[in-house]
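Colleague: In UniProt numbering, the protein residues as written are 1 to 794. Have a look at the structure that comes next, please.
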Amino acid sequence: MLESLRNDITTHREFSYLLLRRFQGMGRAFVLRSDLQDEYQALVSEHPEPPPTHSPLVQLVEDVQEAIIAAPWVCLSVRPRVGRWWYLRIHADELAVEPLTVSEFLALKEHLVSPRQCHDKPLEFDIGAFQRNFPSMRESRSIGRGLEFLNRKLSSQLFDRDGVGLHKLFLFLREHRSNGQQLMVNDRLRDVDALRSAIRAAEKRLRTHSPDTPWADVAHALQDLGLEPGWGKDVGRVLESLRLLSDLLEAPSPETLERFLARIPMIFSMLILSPHGFFGQANVLGLPDTGGQVVYILDQVRALEREMHRRLKEQGLDIQPRILVMTRLIPEARGTTCDQPEEAISGTQNAKILRVPFRNRDGEVVSQWISRFEIWPYLERYADDVETRVKAELGGRPDLIVGNYSDGNLVATLLSARMQVTQCNIAHALEKTKYLYSDLYWKDNEDQYHFSCQFTADLIAMNAADFIITSTYQEIAGTDHAIGQYESYDAFTLPDLYRVVKGVDVFDPRFNIVSPGADAEVYFSYQDTERRIRGLHEELEEMLFGGPHPEGRGVLADPDKPVIFTMARLDRIKNITGLVSWYANSPELREQANLVVIAGYVDGSRSSDREEQEQIGHMHHLFDEHGLDGQVRWLGVRLDKVLSGELYRFIADRKGVFVQPALFEAFGLTVIEAMVSGLPTFATLYGGPLEIIEHGRSGYHIDPNHGDEAARILMAFFQRCAEDPNHWARISEAGMRRVEARYTWQRYAERMMTLSRIYGFWKYVTNLERAETRRYLEMFHALQYRPLAARLEG
Ligand code: UDP
Ligand code: LCN
C-alpha cells in the first residue's frame, strides 16, 4: 500500500506537491475530510493532468478523514473502509511518505493543541492488549451482527475434542433456579453422558403421551431422570427441547444453539438503569435531558414484559417476571412524579419505576435537577444505594442489568461486576460525535460539558458490557465516509489527560443492532379511521390554529396552508432554530406552508437549562427579526403521548409534513412516529435518519448545514404535490411501510430476549478470561474517572 502510494506520488509529483501546498495553505492545523475534498476537487479542475481516478493517490484522498498540518509534514488519518484505520505523513517539499503509529499521530495532535505539554509519554488507554484471545469479526458488513457470529463461534467451541465445551454447557444447565427451585437439570445428573442417557429415557417415556399433556402430569417421571421444570409447558414442547439439546450434543450448529438457548428460562428479573433527567410517565417529555430515552425505555419495558411472560409460559413456568426501572428521585420535581420513590408502569402487570436520590459527599440528598453533564460525582454513591434497594426489592440479584446512556451504563458496570450479572448497554446518544473536536479541545468545553468525565465513563462501560444494543449500523460504524459514534472511541486524545490508542473495537461481537419501534397503540396511520381519537380534534384545532396560546407565540394567519411540523427538546443540537431560520429566509416556503414548532418554553424564565435558555432567546430573536408571528406557531407545551399521536395524524389529514432538522440525531424516535402516522418526513442525514429513511422514497434527507438546500427540498415537495396530487400519498405510504417493516417493539423484544440468553451463556463460558479486562477497567476507573468526577464536585 505504502509502496504503491510512494510510486504514484513520484509519478504525479507536481500534482502531489500542489495538493499538499493547498492543504498547508488553508492555514489550519486540523483539516477535516470535506475541506480536503474541496481542495482536491479545486485542484483537479485546474490541473492539466490530474492522476487517474483509481490511482493510489486519489484513493488516499478519498479515504482520508483528517489532516494535521505540522510543517513541513502533512499527517493523515486514513479510513480505507469502515472501522479500519491507518496513519501516515508526507513531506510537503520532498514528498517522502512515512507510516505513523496511532500513538505518533495522536501525539502530533496533542502537541499542536498544547505545545507546552511535558514530553513524557502520557497515559495510554489500550483495550486491544486484552482482546487477543477474544474472537473478533473481520468484515464491515458483519458489524452489529455479533449474535450470529458468536453463535457460530460458540457452537464450534462446544464441539472441541476433549469435551470441555459440552461439559460447560452441561454445567450451565444446572445453574438455573427460580425462587430456590432448581430448573432444567438437577444434581442426579453428573456429566454429559448421564444427560444423554436421561434425554433418551425421557423421550421414550414421553412418546406414549399426547403432545398436549401438561408438564405437571409428567413432572414426576422426568424429575426421577434428573430433569426439572423449564423444558416446556407440555409434552410436545418438552420433546422439542430435548431433541434440540440432543442435536446440540451430537453435532452443534449455530441455529440449534440459538434455538435451544432461546428456550432456557434464564431471565426472570431485569434491572434497567436510567439515572439522569426527569423519568416519569406524564408531563416530562421535552423537559431538559428528557426525551426519547424515556419513551424508549417505557415502551421497551412493556414489550419485554410481554415477551418474558410468553417465553416463561411456553416453558411451563408460572413465574411473574419482574422489571425494575431505576432512576433518580428528584425532590424538587417541578410538577412531575419524580419525587415519588415508586411508580407502577402503566400497561404492564408488574413493572415499576423505582427512584433513588443522589447524595452529596456528606451523604445529604440532592434536591434539585442536575444536568446530565454534571451528574458524574454522584454515580458511585448512587450505585451503592441502588444495589441495596434492588436487593431488597427482588430478594436477590436481577438476571440482567441494562444500562442507558453514559451514566446508566457506568452504574450498570459497577453493579454488574459486583452482582455478577450479565450487562447490556444502550447508548441512545454518545455525545462525542455531536460536538466537533469535543475530545481534542475538551478543556475549552470542560466548564459546561465535562466531557473528560463522560468519555472516561464511556470507555469503561463500553468495554465492560457483555453486549451492546444499538439502534442503527451507523451508530457503531458510520457510513463509507462518516465515522460511527462508537468508532469515534477507537483512537482519540484528551491532551494533557490521556491518550486512547484502542478505545473500542467496532468489530467486537458484543455489538448488535436492535432498532426500537414506535408504540403501535399510540402511533398509527392517519387512515386508520376506526382508531382515530376524534374527541381530541377540537383541542388540536385550537392548539394549532386558534388565537394566542398561553404557552405559545404566533397565530397562523392562513390556517388553510399545509403545516410543516417539528417537535423536539430545545437543545442546540436539535437545531429547531435552524429550521425556523431556513423557513424565515425562504419567502417561497413561507408562502406555501405554515410552520408549527413544539419545543421548550416560550417564557425563558421557566427554563433552568443553559442551552435551552439560549435557544429560547434565539427563537424570539428570529420571530422579531423576520416577522414570523403570522406564519409560525411556537408552542412551549409538553404533550402526552395520546395527544401527540393524534397531532401527527391531524397534520397528516391536512397534507402536512414533519421535519427533523438536527445537526446530529442518534436515532430519532419522532422520525418513526411521524412516518408511521403517515406524515412525509424530512430528516437530518447526520445519524439514524440516514438509515431510517430512503431518500426520495420513504421520506427525504436534509443537510442541516445547508439550510437553503433543505428549504428547496421542502419547496420542491410542496410544488410537486400541487402538480401531482398522488405524490404526497406515495411518500406517506412508503414511510408507513418502512416503519412497519423495520421498527417494531415486538421484534425488538424477541431479539433482546435471545441476546440476553446467548450472551449470558457466553459470559458463563468465558468468565475466567475476562478477569484481566475487568481489573484493567477497574484501575482506569479508580485512577482516572474518580478524581475527575471528584473535581467536578468541588
Ligand atoms: N416528545 C414529546 N414532546 C416534546 C418533545 C419530545 O412528546 O416536546 C417525544 C417525542 O414524541 C419522542 C421523544 O419525546 O417520542 C423524543 O425522542 P427522539 O428520539 O426524537 O429525541 P431525543 O429527545 O431522545 O433526543
Ligand atoms: C436519544 C436520542 O438522542 C435519540 O436520537 C434517540 O432516538 C433516543 O435517545 C432513543 O434511543
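Note that the Cβ used here is the ideal one computed from N, Cα and C, for glycine as well. The model shown is predicted, which means the values in this text are computed figures rather than measured ones.
#1: What do you get for alanine 674, buried or exposed, if any count of 16 or more other CB atoms within 10 angstroms of its CB means buried?
#2: Reducing DSSP to helix, strand and coil, say where methionine 543 ends up.
#3: Would you mind working out which of Arg590, Val597, Leu589 and Ser586 sits nearest threonine 577, comparing C-alpha positions?
#4: Quick one: is serine 269 buried, meaning 16 or more other Cβ sit within 10 Å of its Cβ, or exposed?
#5: In the segment 384-471, which residue ranges form an unbroken alpha helix (DSSP H) of at least 4 residues, counting only runs that do not cross its ends?
#6: For alanine 92, name the three-state secondary structure that DSSP assigns.
#7: Kindly say whether isoleucine 616, judged by its beta-carbon, lies nearer than 8 Å to any beta-carbon of chain B.
#8: Just to confirm, does isoleucine 598 get its C-beta within under 7 Å of one of the non-hydrogen atoms of the ligand UDP?
#9: Under a criterion of Cβ closer than 6 Å to any non-hydrogen atom of the ligand UDP, which residues qualify, in chain order?
#10: Return the Cβ separation of alanine 457 and leucine 394 in integer angstroms, given the expectation that the two are a contact with Cβ distance under 8 Å.
#11: Can you look up methionine 715 in the DSSP assignment and give me helix, strand or coil?
#12: Please report the distance separating the alpha-carbon of aspartate 247 from that of threonine 256.
#13: Buried or exposed: glycine 627, going by 16 or more other Cβ atoms within 10 Å of its Cβ?
#14: Does the Cβ-Cβ distance between alanine 198 and leucine 189 come in under 8 Å?
#15: Would you identify the three-state DSSP class for histidine 695, choosing helix, strand or coil?
#16: Quick one: grab the DSSP three-state call for leucine 222.
#17: Tell me which same chain residues have a C-beta within less than 6 Å of the C-beta of valine 284, skipping the five on either side of it?
#18: Are the segment 602-613 and the segment 529-546 touching by the rule of at least three beta carbon pairs closer than 8 Å?
#19: What span of residues does the beta strand (DSSP E) with alanine 70 cover, start to end?
#20: Rounding to the nearest angstrom, what Cα-Cα distance links valine 500 and aspartate 126 in this structure?
#21: Return yes when at least one heavy atom of the ligand LCN lies under 7 Å from the C-beta of serine 371, else no.
#22: Taking only three categories from DSSP, how would you classify valine 602?
#23: When you measure from the CB of glutamate 665 to every non-hydrogen atom of the ligand LCN, does any distance come out below 7 Å?
#24: Kindly indicate which three-state DSSP category tryptophan 376 falls into: helix, strand or coil?
#25: Indicate the three-state DSSP secondary structure (helix, strand or coil) for glutamate 343 in the structure shown.
#26: Using C-beta distances below 6 Å, list every residue in its chain close to lysine 434, excluding the 5 sequence neighbours before and after it, in chain order.
#27: Is serine 677 near the ligand LCN, judged by its Cβ being under 7 Å from some heavy atom?
#28: How far does the beta strand (DSSP E) with serine 269 in it extend, from its first residue to its last?
#29: Between serine 471 and the ligand LCN, is there a pair consisting of the residue's CB and a ligand heavy atom that are separated by less than 7 Å?
#30: Can the beta-carbon of phenylalanine 511 be found less than 8 Å from the beta-carbon of glycine 128?
#31: What beta strand (DSSP E) runs, 3 residues minimum, are completely inside the segment 576-621?
#32: What separation, rounded to the nearest whole angstrom, lies between the Cα atoms of glutamate 588 and leucine 679?
#33: For tryptophan 634 versus glycine 554, is the C-beta distance shorter than 8 Å?
#34: Closer than 6 Å by C-beta to lysine 168: which residues in its own chain qualify, once you throw out the five before and the five after it? Chain order, please.
#35: Which residue comes first and which comes last in the alpha helix (DSSP H) that contains tryptophan 728?
#36: Of all the options His727, Tyr686 and Gly688, which has the alpha carbon lying nearest to the alpha carbon of glycine 696?
Modeller: In short:
#1: Alanine 674 should be labelled buried.
#2: Here DSSP, grouped into helix, strand and coil, assigns methionine 543 to helix.
#3: Between threonine 577 and the set Arg590, Val597, Leu589 and Ser586, the nearest pair of CA atoms involves Val597.
#4: Classification for serine 269: buried.
#5: Here the runs fully enclosed are 405-419, 442-449 and 451-464.
#6: Here alanine 92 sits in coil by DSSP.
#7: No chain B appears in this structure, which consists of one protein chain only.
#8: Yes; taking the cut-off as 7 Å, the Cβ of isoleucine 598 has a heavy atom of the ligand UDP nearer than that.
#9: Cβ-based neighbours of the ligand UDP within the cut-off: Leu285, Gly286, Gly291, Gly292, Gln293, Val295, Met567, Ala568, Arg569, Ile598, Arg638, Leu639, Ser644, Phe667, Gly668, Leu669, Thr670 and Glu673.
#10: With a Cβ gap of about 26 Å, alanine 457 and leucine 394 do not count as contacting.
#11: Three-state DSSP puts methionine 715 in a helix.
#12: The straight-line gap from Cα to Cα measures roughly 7 Å.
#13: Exposed: under 16 other Cβ atoms inside 10 Å.
#14: A contact, by the Cβ cut-off of 8 Å.
#15: Histidine 695: strand per DSSP, three-state reduction.
#16: Of the three classes helix, strand and coil, the one that applies to leucine 222 here is helix, per DSSP.
#17: Around valine 284: Phe278, Thr290 and Thr336.
#18: Fewer than three beta-carbon pairs drawn from the segment 602-613 and the segment 529-546 are found closer than 8 Å, and the two stretches are therefore not classed as touching.
#19: It spans 64-70 - the beta strand (DSSP E) in which alanine 70 sits, taken as one unbroken run.
#20: Whole-angstrom Cα-Cα distance: 6 Å.
#21: Not so, every heavy atom of the ligand LCN lies at least 7 Å from the Cβ.
#22: In the structure shown, valine 602 adopts coil according to DSSP, grouped into three states.
#23: Yes, the ligand LCN has a heavy atom inside 7 Å of this Cβ.
#24: DSSP places tryptophan 376 in helix when its eight states are reduced to three.
#25: Three-state result, glutamate 343: strand.
#26: Once the five neighbours on either side are set aside, the close Cβ partners of lysine 434 are Ile573 and Phe664.
#27: Outside the cutoff, so no.
#28: Unbroken beta strand (DSSP E) run through serine 269: 269-273.
#29: Serine 471: yes, Cβ under 7 Å from the ligand LCN.
#30: No, these two residues do not count as a Cβ contact at 8 Å.
#31: As far as the segment 576-621 is concerned, its whole beta strand (DSSP E) runs of at least 3 residues are 594-598.
#32: Roughly 21 Å between the two C-alpha positions.
#33: In this structure, the beta-carbon distance from tryptophan 634 to glycine 554 falls below 8 Å.
#34: Once the five neighbours on either side are set aside, the close Cβ partners of lysine 168 are Val765.
#35: Tryptophan 728: member of the alpha helix (DSSP H) spanning 726-742, first to last residue.
#36: Answer by Cα proximity: His727.
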